[in-house]
Amino acid sequence: MKNPLFFLTVLTTALCISGTAQPAVTNSPTSIQEMLISGTPQYKMHFLAMISQGKVKVNESYIPGLETCATHPSIPLRSLSAKLLGQYFIREKDAPNEEALAILLKLAHDPEADVRFNAIFYGLTQVKYKTPELAEQLIDIAAKERNPALQDRIIVSLANYQPQVEEILNKKLNGEHAIAYYEIYEDFTGKEPPHEEKFLNMPSSRPRLLVIKANESNPEVSKPALIQLLKQGGLKNPTVETSGTGESYVLMLTTYITRDYKNVREVLSANDDFSITQDLWLTPELEIQIEAMRKAQ
Numbered sequence: 036m037k038n039p040l041f042f043l044t045v046l047t048t049a050l051c052i053s054g055t056a057q058p059a060v061t062n063s064p065t066s067i068q069e070m071l072i073s074g075t076p077q078y079k080m081h082f083l084a085m086i087s088q089g090k091v092k093v094n095e096s097y098i099p100g101l102e103t104c105a106t107h108p109s110i111p112l113r114s115l116s117a118k119l120l121g122q123y124f125i126r127e128k129d130a131p132n133e134e135a136l137a138i139l140l141k142l143a144h145d146p147e148a149d150v151r152f153n154a155i156f157y158g159l160t161q162v163k164y165k166t167p168e169l170a171e172q173l174i175d176i177a178a179k180e181r182n183p184a185l186q187d188r189i190i191v192s193l194a195n196y197q198p199q200v201e202e203i204l205n206k207k208l209n210g211e212h213a214i215a216y217y218e219i220y221e222d223f224t225g226k227e228p229p230h231e232e233k234f235l236n237m238p239s240s241r242p243r244l245l246v247i248k249a250n251e252s253n254p255e256v257s258k259p260a261l262i263q264l265l266k267q268g269g270l271k272n273p274t275v276e277t278s279g280t281g282e283s284y285v286l287m288l289t290t291y292i293t294r295d296y297k298n299v300r301e302v303l304s305a306n307d308d309f310s311i312t313q314d315l316w317l318t319p320e321l322e323i324q325i326e327a328m329r330k331a332q
């Protein structure tokens with residue numbers, strides 16, 4: 036019979052082989068549920084990762100643990116919990132789990148963008164039969180977030196609710212923050228918004244960044260030419276920046292007034308020398324990236 040010390044040595048080596056002992060893996064669902072509630076952040080993330088990888092058979096008894104993780108100060112825990120709640124309790128369900136849905140509705144307003152994204156993309160938009168209240172909440176989110184992937188997902192998820200979507204947006208055009216709903220109206224309905232003229236001189240809800248490619252290879256020639264073209268189209272003082280070097284350079288223009296944005300789109304659509312390659316909402320995150328690019332040039 037081998038010395039018990041031998042087995043102890045083997046066990047210790049196995050636990051420490053990676054430098055840090057990993058949480059012990061158990062096949063007991065109850066222990067996983069308990070660890071999601073009372074375990075350390077390390078244990079919580081370990082078992083959330085196991086669930087994410089399909090190594091655990093999940094049922095509704097896991098919701099309290101996922102809710103605990105969804106309210107934890109750790110951003111990764113909240114973000115992954117949001118994704119799992121949507122994947123296991125909302126997606127492809129004729130009726131979503133009400134507890135999971137309530138948690139996701141809260142996470143959709145989390146201060147962190149990653150958490151909000153997962154709660155909305157994997158959760159709220161996956162609800163099979165949407166109530167008028169949920170449809171309105173999704174439209175409110177689209178008007179506020181301006182994340183292209185998220186907005187596209189919301190549009191697709193509401194494709195079968197067009198009469199309700201149009202009714203909701205028409206109501207929003209007469210309320211607070213109307214300009215934000217005006218800006219997404221056509222994307223959601225395929226129609227121009229009613230009473231468009233009253234919105235044209237309003238400041239945009241966020242600045243719009245247009246990335247423009249010129250046929251001219253020399254930015255010293257194309258930049259003043261673009262400025263002149265825009266002035267002829269009605270923009271008083273267009274500010275155009277150059278980004279990049281050599282033939283890969285692009286011109287960047289930011290608009291702040293709705294009418295200016297529409298004028299730029301109209302002028303460039305009728306011109307063969309310049310083409311818009313990207314049309315972006317200038318979010319704080321994007322501004323930081325652009326500022327870093329400026330410093331790198």
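All residue numbers in the sequence shown are consecutive under my numbering, ending with 332.
No residue lacks a Cβ here, since even glycine has one placed at the ideal position from N, Cα and C.
On a predicted model such as this, the values are computed, not experimentally measured, just so you know.
As the crow flies, the alpha-carbon of residue 273 is around 12 Å from that of residue 245. Secondary structure note for residue 285: its beta strand (DSSP E) is the uninterrupted segment 285 to 292.
Judged by DSSP in its simplified three-state form, residue 312 adopts strand.
The region 280 to 291 and the region 232 to 246 touch, with three or more beta-carbon pairs separated by less than 8 Å. Going by DSSP, residue 247 is part of the beta strand (DSSP E) stretching over 238 to 249. Partner residues in the beta bridge of residue 278, as assigned by DSSP, are 285. For the pair residue 190 and residue 84, the Cα-to-Cα distance works out to about 30 Å. Excluding its 5 nearest sequence neighbours in each direction, residue 123 has C-beta neighbours in its own chain below 7 Å: 93, listed in chain order. Less than 8 Å divides the Cβ of residue 275 from the Cβ of residue 261. Taking all protein chains in view, the Cβ of residue 117 is crowded by 16 or more other Cβ atoms within 10 Å, so the residue is classified as buried. With contacts defined as CB atoms closer than 8 Å, residue 290 and residue 235 fail to qualify as a contacting pair.
The shortest CA-to-CA distance from residue 233 to any of 223, 222, 217, 241 is the one to 217. The beta carbon of residue 201 sits closer than 6 Å to the beta carbons of 224 from its chain, once the five residues preceding and following it are set aside; these are given in chain order. Unbroken beta strand (DSSP E) stretches of 3 residues or longer found wholly inside the region 155 to 197: none. If you compare the alpha carbons of 331, 323, 316, 325 with that of residue 179, the shortest gap goes to 316. Taking the CA atoms as reference points, residue 210 sits about 24 Å from residue 155. With a threshold of 16 other beta carbon atoms within 10 Å, residue 70 meets it and is buried. Put simply, the backbone Cα of residue 278 is about 13 Å away from that of residue 257. Pairing residue 160 with residue 142 gives a Cβ-Cβ distance that is not under 8 Å. Judged by their CB atoms, residue 157 and residue 121 are nearer to each other than the 8 Å cut-off. Apart from sequence neighbours up to five positions away, the residues of its chain that approach residue 171 with a beta-carbon distance below 8 Å are 203, ordered along the chain.
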